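Participant: I have a structure I would like to understand better, so I am pasting it below and will then ask my questions one at a time.
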Amino acid sequence: MREVAVRRGIDVGLIAGIVRVESTFRPDVESRAGAIGLMQVMPSNARRLGCGDLREPRANLDCGLEVLARFLSYYQHDVVLALSGYNSGHRRPNAAKRDQTTPENLAYVEKVLAARTTYLRRGCSP
9 MREVAVRRGI
19 DVGLIAGIVR
29 VESTFRPDVE
39 SRAGAIGLMQ
49 VMPSNARRLG
59 CGDLREPRAN
69 LDCGLEVLAR
79 FLSYYQHDVV
89 LALSGYNSGH
99 RRPNAAKRDQ
109 TTPENLAYVE
119 KVLAARTTYL
129 RRGCSP
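For the sequence shown, our numbering gives the first residue as 9, with consecutive numbering after it.
See the structure below:
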């Protein structure tokens, strides 16, 4: 995970927090909505981005982080908005601003940021 974090320029604590909340680190998990793997990537997003096999942990991390990186770029590295967009799965990033205050998104962002803090305290350096 650290290698992918360094390559992407995204702090490893944030990545670990997302993976914890999305899949509890289980690479084989699939949601009722059809999201797959560690980062719970939707197959439609993977196809659009040309990602590899979402059941393969490295490919799943790369693909999920590509999605996250696009939200981070769009929101000028505002982590809360980027996480909100990632969670709501919008193709149009401006919708994340509207959705950031929904109870589901608020809970998601809080869980990811709390997990991030825990991992950073345990030595996952940014």
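Cβ coordinates follow ideal geometry from the N, Cα and C atoms, glycine included. Computed from a predicted structure; not experimentally measured.
1. Take the Cβ of F79 as the centre, count every other Cβ of all protein chains shown within 10 Å, and call the residue buried at 16 or more, exposed below.
2. Take L62 and list the residues in its own chain whose beta-carbon comes closer than 8 Å to its own, dropping the five residues that flank it on each side.
3. Between V14, V20, V12 and E38, which lies nearest to A123 when the distance is taken from Cα to Cα?
4. To the nearest angstrom, report how far apart Q84 and R40 are at their CA atoms.
5. Which residue marks the beginning of the alpha helix (DSSP H) containing S92, and which one marks its end?
6. Identify whether E30 lies in helix, strand or coil by the three-state DSSP scheme.
7. Ordered along the chain, which non-local residues of its own chain (more than five positions away) have a Cβ less than 8 Å from that of D36?
8. Could you tell me the boundaries of the alpha helix (DSSP H) in which A122 lies?
9. Report, in whole angstroms, the separation of the C-beta atoms of G25 and V120, which I expect to be a contact under 8 Å.
10. Take S31 and list the residues in its own chain whose beta-carbon comes closer than 8 Å to its own, dropping the five residues that flank it on each side.
11. How long is the line joining the alpha carbons of I23 and S96, rounded to whole angstroms?
Facilitator: Taking the structure as given:
1. buried
2. I44, G45, V49, P51, A54, N68 and C71
3. V20
4. 32 Å
5. V87 to S96
6. helix
7. G45 and R63
8. P111 to R129
9. 4 Å
10. V37, G45, L46, M47 and Q48
11. 17 Å
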